[in-house]
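A quick write-up on the structure given underneath.
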Amino acid sequence: MRGAGNRYVFWAVALAAALAAPLALTNNYQLGVAHQALIFALLATGYNLLLGFTGLVSFGHIALFAIGAYASAILVVTFGAPFLVGVGAAAIIAGLVGVVIAMPALRIKGHYLTLLTLALGEVIRLLIRSMESLTHGSQGFSGIPRPEIFGMSFRAGVPLYYLLLFALVLGVAFVWRIEATRYGRAFKAVRDSEIGAEVCGVRTDHVKVLAFGVSAVFAGVAGSLYAHTMRFISPEFFSLGLTITLLAMVLIGGRGTVIGPIVGAILLISLPEWLRFVKDYYLILFGLAIWLCAIALPDGLAGAAARLLQARNSVRGRASLRT
Amino acid sequence: MLSVDKLCVGYGEADVLHDVTLRVGEGEIVAVLGANGAGKTTLLAALSGLIPARAGEAMFDGRSLVGAAAERIVGWGLSHVPQGRRIFPGLSVMENLVVARTAATDRAEGGFAAAVAEAEELFPRLNERRDQLGWSLSGGEQQMLAVARALVARPKMILLDEPSLGLAPMIVETMFSTILEIRRREKVGMLVVEQNAEQALRVADRVYVMELGRIVLEGPADEVARDPAIERAYLGA
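Top line first, the protein sequences correspond to chains E and D.
For the first sequence, the positions run 1 to 323 when our numbering is used.
For the second sequence, the positions run 1001 to 1237 when our numbering is used.
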C-alpha cells in the first residue's frame, strides 16, 4: 500500500486518460455525460471528506449543492455578476451554511445526526422553492449562461470539459494534500474513536466544523458548476433521491480513499447510459449493485483494488523468496 | 500534584460521583479500586475534561481542571489512557502516535522522534508494527499503543483506565511491570483505575476504594491489601 511511486504513476495515467477523453467523446451527448461525471466527482470528493474521512453521515449535503447552484445562478443572471464571482459566492455561502449545519453535530451523533441533517436539507430545499422572487420557485431557474472567465468563453462542450476537469483536479489535489497533514489525521482520528481523539488532545469540535465547512465549500463550487453547465436548475432535482445517489457514489467507490468517490461518480453517472437498453429497469441493477457491494466490497471498489494489489505483491514476494 | 476535593459528577439526572476527595503526589502510583459501576471511569473522564464536574475542585500542577477543555488538560501534562484503549483502527501505529503529538512533545529534548524512540524502547512490538493499521493489532498491542500514545504527549501524570481489561494474564503481567518501568524512567505519577485488585495492589503506593460513587477506604497499598473486608470483596480470599 505504501508504493508511493506506483501511486504517482497511477495518477499520471488517470490524468492523461482524462485529458485525452474528449477525443473519444465524439458527440455532444456523450460530452454532456462526462460534464456531469466530473461535477459529481467533485461533489463526491468533498462529501467523502465528511463521510469517509471524518465518519459523519450527513443527508443534507445535496442542499449545500443546491445552495451553490442557486447562489451562483442568482448572482450571475439576476445581478449580472461575472462567473468567477458566482463561483466564489457559491463557495462562501455554502461553506457558511455547512458550518451552521455542523453545530448540531457537536451535540448529537450517529443516526440522530443523519436524521437531523436530512430534515435541514429538506428545509433548505423548501425554502428555495418558496422564495419565488429570487429562485423562480418550482418553475425552475433557466437561462443560466455557460461560464466565461476574463473574456474566455467555455460555452462549447470541450472547453467546458477542461474547465470542469481543472476544478476536479484542484479539489482532488487539495484532498490528497490534506490527507497527509495533521487535519487529515485528525479527521480519521475522530472517525475511528472520538474519545481516543479527545484524550490525545485533538479539538474534536473544531475538526467536525472544519470537515463540514470544507466539504460544503466543495458542494458550493460543484453546485455553481452544475448550474452553469446544465443551464437550468429546479428544486425537484435536489431531492432525497440525489442524496442517496451521492451516498452510493462514495460507498461503491470506496469511502475514505481519494480515488474512490471519483470512480463511484463516474460509474453511477455513466452506468444508466450503458444500461439504456434495459430502460427503467436499470434501477433494479442499481439496487443489486449496492447490495452486492455491501456484501462483497464493504470498503468499495478502491478498497477491493488495494487488497487485490496487496495480494499480488505478497504472492510475488513469496515467489521471489523461493527462487 | 493532583488533588481532587469533593468532586461531584453526574450524567443527566443521575449523580455518579459524590464528594470524591483524593490526592496523587509527584511520581506516585495511586490505584482506585471498585466494582463495576462504582464511578471509576467517570472519575477519570471528569479529570481529563471529557465530562463536566458539577461541584467540587480538582487541581493539577497548580491549575484547575474543572471547566477546562480536554485538549488544554493534555497540554498541561495530564494524559488519559481511556478504557477500551480507543486507538484509531484506520490509522497506522505511527499515525496513531503522530495524532498524540503536542507542543510539549516538541519542547522536550529530541522532539517527536525521541518520544517515539522512548515509547518503542518500552514496547518493542510497536516498532515492529509501525506501518500496520491499528485494527490489525492484538489486544495487548493495542493497549501498548494506547499507553505509548499517552507518553508521546510527555505527561507529568497518566490516568490509566483498566489497563488489564480483556488481556491475557501474561500480557497483564508485562503491562504492569512496564507501568513501574515508566515511573522509574520518566518519573511520571499515575492514577490507575482497576477491577483487577491484585495486580493494582502490587504496583500501587497508595489505594482508594470506591463504592457507589464514594471513597470508602484509603491507605497504603500493603495495608489495604491486608484489610479483611478488601480481601473478601476484591481478592477472593
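Glycine residues also receive a C-beta, built at the ideal position from the N, C-alpha and C atoms.
Chain D contact for residue i (CB, 9 Å cutoff)
i                      : result
residue 188 of chain E : yes
residue 178 of chain E : no
residue 202 of chain E : yes
residue 182 of chain E : yes
residue 2 of chain E   : At residue 2 of chain E the pLDDT is 49, less than 50, meaning the model places this residue with poor confidence; the figure from the coordinates comes in the next sentence. Yes, because at least one Cβ of chain D sits closer than 9 Å to the Cβ of residue 2 of chain E.
residue 130 of chain E : no
residue 258 of chain E : no
residue 108 of chain E : no
residue 280 of chain E : no
residue 196 of chain E : yes
residue 13 of chain E  : no
residue 199 of chain E : yes
residue 193 of chain E : yes
residue 7 of chain E   : no
residue 307 of chain E : no
residue 185 of chain E : yes
Residue of the options minimising C-alpha distance to residue i
i                       : options                           : result
residue 1003 of chain D : D:1023, D:1019, D:1042 and D:1111 : D:1023
residue 1074 of chain D : D:1026, D:1129, D:1158 and D:1008 : D:1158
residue 1012 of chain D : D:1051, D:1203 and D:1187         : D:1051
residue 67 of chain E   : E:222, E:307, E:9 and E:58        : E:222
residue 1198 of chain D : D:1190, D:1207 and D:1191         : D:1207
residue 120 of chain E  : E:62, E:265, E:217 and E:78       : E:62
residue 233 of chain E  : E:73, E:202, E:256 and E:26       : E:73
residue 59 of chain E   : E:212, E:5, E:154 and E:175       : E:212
residue 165 of chain E  : E:271, E:226, E:49 and E:65       : E:226
residue 1090 of chain D : E:131, E:151 and E:52             : E:52
residue 1116 of chain D : D:1135, D:1191, D:1149 and D:1134 : D:1149
residue 1045 of chain D : D:1078, D:1201, D:1026 and D:1062 : D:1078
residue 1145 of chain D : D:1001, D:1181, D:1173 and D:1100 : D:1100
residue 231 of chain E  : E:47, E:83 and E:10               : E:83
residue 1098 of chain D : D:1036, D:1006 and D:1131         : D:1131
residue 1155 of chain D : D:1123, D:1220, D:1183 and D:1041 : D:1183
residue 89 of chain E   : E:71, E:27, E:258 and E:137       : E:71
residue 1029 of chain D : D:1137, D:1181 and D:1216         : D:1181
Contact with chain E by residue i, beta-carbon distance below 9 Å
i                       : result
residue 1088 of chain D : yes
residue 1233 of chain D : no
residue 1075 of chain D : yes
residue 1009 of chain D : no
residue 1237 of chain D : With a pLDDT of 47 at residue 1237 of chain D, under the threshold of 50, the modelled position of that residue is not reliable, and no figure is offered here.
residue 1095 of chain D : yes
residue 1190 of chain D : no
residue 1193 of chain D : no
residue 1118 of chain D : no
residue 1082 of chain D : yes
residue 1186 of chain D : no
residue 1085 of chain D : yes
residue 1099 of chain D : yes
residue 1128 of chain D : no
residue 1070 of chain D : yes
residue 1201 of chain D : no
residue 1102 of chain D : yes
residue 1091 of chain D : yes
residue 1177 of chain D : no
Other residues of its chain near residue i: CB distance less than 7 Å, five sequence neighbours each side excluded
i                      : result
residue 85 of chain E  : 75
residue 313 of chain E : none
residue 180 of chain E : none
residue 34 of chain E  : 21, 25 and 161
residue 41 of chain E  : 168, 261, 262, 265 and 266
residue 45 of chain E  : 171, 172, 175, 218, 261 and 262
Spatial neighbours of residue i in its chain, beta-carbon cut-off 8 Å, leaving aside the 5 residues before and after
i                       : result
residue 287 of chain E  : none
residue 1072 of chain D : 1049
residue 1244 of chain D : The question about residue 1244 of chain D has no answer, for chain D in this structure spans 1001 to 1237.
residue 202 of chain E  : 186, 189 and 190
residue 1167 of chain D : 1139, 1140, 1143 and 1175
residue 1038 of chain D : 1210, 1211, 1212 and 1213
residue 184 of chain E  : 53 and 178
Cut-off 6 Å between Cβ atoms - residues of its own chain near residue i, not counting five sequence neighbours on either side
i                       : result
residue 155 of chain E  : 146
residue 1141 of chain D : 1125
residue 1222 of chain D : none
Fill in: Length at least 3, wholly inside the stretch 1091-1130 of chain D: the beta strand (DSSP E) runs in chain order
DSSP runs (the beta strand (DSSP E)) wholly in the stretch 1091-1130 of chain D: none.
Item to complete: Please list the segments of the alpha helix (DSSP H) lying wholly inside the stretch 1126-1159 of chain D, counting only runs of 4 or more residues, in order along the chain.
Response: If we require 4 residues or more, the alpha helix (DSSP H) runs fully inside the stretch 1126-1159 of chain D come out as 1139-1152.
Worksheet item: Relative to chain E, which residues along the stretch 1141-1173 of chain D have a C-beta separation below 9 Å, given in chain order?
Response: Those would be 1146, 1149, 1150, 1152, 1153 and 1159, in chain order.
Worksheet item: At a Cβ cut of 7 Å, what residues of the stretch 1049-1064 of chain D count as close to chain E, listed as they run along the chain?
Response: Result list: 1050.
Practice prompt. At 4 residues or longer, and completely inside the stretch 1157-1199 of chain D: list those alpha helix (DSSP H) runs for me, N to C.
Written response: Listed in chain order, the complete alpha helix (DSSP H) runs (minimum 4 residues) inside the stretch 1157-1199 of chain D are 1169-1186.
Worksheet entry | Length at least 4, wholly inside the stretch 4-66 of chain E: the alpha helix (DSSP H) runs in chain order | Counting whole runs of 4 or more residues, the stretch 4-66 of chain E contains the alpha helix (DSSP H) stretches 4-24 and 28-48.
Item to complete: Counting only runs of 4+ residues fully inside the stretch 127-204 of chain E, write out the alpha helix (DSSP H) ranges in chain order.
Response: Fully enclosed alpha helix (DSSP H) runs of 4 or longer: 132-135, 157-179, 182-192 and 194-199.
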